[in-house]
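Student:
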Amino acid sequence: MRPRIAAVIVVLTAVALGSGHGAAEGQARGPRLSSAAIVATFPHAPDAFTQGLELHDGRLYESTGLHGRSSLRIVDLATGVIERRVEVPAKYYAEGMTILVGRVYQLTYRSGHCFVYDADTLAPITQHRYEGEGWGLTHHEGLLVMSDGTNVLRFFDPQTFAEVRRVFVHDGERAIRQLNELEWVEGEIFANVWRSDRIARIDPATGRVNGWIDLAFLRESLSLTEPEAVLNGIAWDAAQRRLFVTGKLWPSLFEIRLVPLAEP
Ligand SMILES: [Ca+2]
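Under the numbering used here, think of the first position of the sequence shown as 939, with each following residue one higher.
(1) Run through DSSP, which three-state label would Phe1099 get?
(2) If you drop the 5 nearest sequence neighbours on each side, which residues of the same chain put their C-beta closer than 8 Å to that of Arg1104?
(3) May I ask you to report which of helix, strand or coil DSSP gives Ser1159?
(4) For Leu991 and Leu1081, I'd like the C-alpha separation in whole angstroms.
(5) What is the C-beta distance between Leu1199 and Pro969, in whole angstroms, given that I count them as a contact (C-beta under 8 Å)?
(6) Using 8 Å as the cut-off, classify the Cβ of Glu1121 as near or not near the heavy atoms of ligand 1, replying yes or no.
(7) Are three or more beta carbon pairs between the stretch 1024 to 1039 and the stretch 1066 to 1079 nearer than 8 Å?
(8) Cα separation between Asp1056 and Asp1135?
(9) When we look at the beta-carbon of Val1026 and count the other beta-carbons within 10 Å, is it buried (16 or more) or exposed?
(10) In the stretch 1063 to 1099, which residue ranges form an unbroken beta strand (DSSP E) of at least 3 residues, counting only runs that do not cross its ends?
(11) With a cut-off of 8 Å, do at least 3 Cβ pairs link the stretch 1118 to 1126 to the stretch 1151 to 1162?
(12) Among the residues of its own chain, which have a CB less than 7 Å from the CB of Gln1065, if the five just before and after it don't count?
(13) Can you look up Ala1028 in the DSSP assignment and give me helix, strand or coil?
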């Protein structure tokens, strides 16, 4: 029953905020505003300051942040047991992560280093450098897609780290900044917005926000006291069309199903 109660709260919140989603946006794909229902709940290491989350070959990969606590993990989804773990040197603050052609790419916050590991063994392979901050990372059609705290998503060649293109993320006239953890989901980029309970569904060609997913009820269900324990972490299982989310220091990881909300 909890999801139903929470969904009502989300509707009321949307009304209170006025949402600003008028008829002019009517051509957007899918609903402008969604909440979610919980399909399943899994354990999540409560020490994990989640900065990257991705499913690969049935296993969950997670990158965690903070200086001295940054790591790369392979996790058993069902049990939350960490099967393999690499500690990142304390001078680095790990951020977004994605897996492409058998390699794990892990960003760092302000040091401009991207670490590359073997996806099976997590043995280090190489490093790349990039300009600006590293926040979230995903990939599509052979390119890395990176957020950096601004409203820009940059597309990189994973071999050379040369920038191929970029989009400016916007909802109507408004630039959407602080895009954090990313996931490519069926033709859209899903992006956590830092310190919010919302995920933006972004058109990768134009940067336009097609819609929003409000997951305040998930965070509220956990009774978290740490202010940095925000929603961050999206993983899409393309084979079984399952969507997973978690947050920094959250004790749970959720499989969710999106529930469209009526426009106010
Ligand atoms: Ca992700």
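Virtual Cβ for every residue (Gly too), placed ideally from N, Cα, C.
Tutor: According to the data block:
(1) Three-state DSSP puts Phe1099 in coil, outside helix and strand.
(2) Closer than 8 Å at Cβ, skipping near neighbours: Val1090, Leu1091, Arg1092, Phe1093.
(3) When DSSP states are grouped into helix, strand and coil, Ser1159 belongs to the helix group.
(4) Distance between the alpha carbons of Leu991 and Leu1081 is about 17 Å.
(5) About 7 Å separates the two Cβ atoms, so the contact holds.
(6) Relative to the non-hydrogen atoms of ligand 1, the Cβ of Glu1121 comes within a distance shorter than 8 Å of at least one.
(7) As far as the Cβ criterion goes, the stretch 1024 to 1039 touches the stretch 1066 to 1079, which means the pair count is three or higher.
(8) Their backbone Cα atoms lie some 33 Å apart in a straight line.
(9) Counting Cβ neighbours within 10 Å, Val1026 comes out buried, since at least 16 surround it.
(10) Every unbroken stretch of the beta strand (DSSP E) spanning 3 or more residues and falling wholly within the stretch 1063 to 1099 is given here in chain order: 1075 to 1078, 1081 to 1085, 1090 to 1094.
(11) The answer is no - the stretch 1151 to 1162 does not touch the stretch 1118 to 1126, with fewer than three Cβ pairs under 8 Å.
(12) Closer than 7 Å at the Cβ level, and outside the excluded window around Gln1065, lie His1051, Cys1052, Phe1053, Val1054.
(13) Looking at Ala1028 - three-state DSSP - the assignment turns out to be coil, as it is neither helix nor strand.
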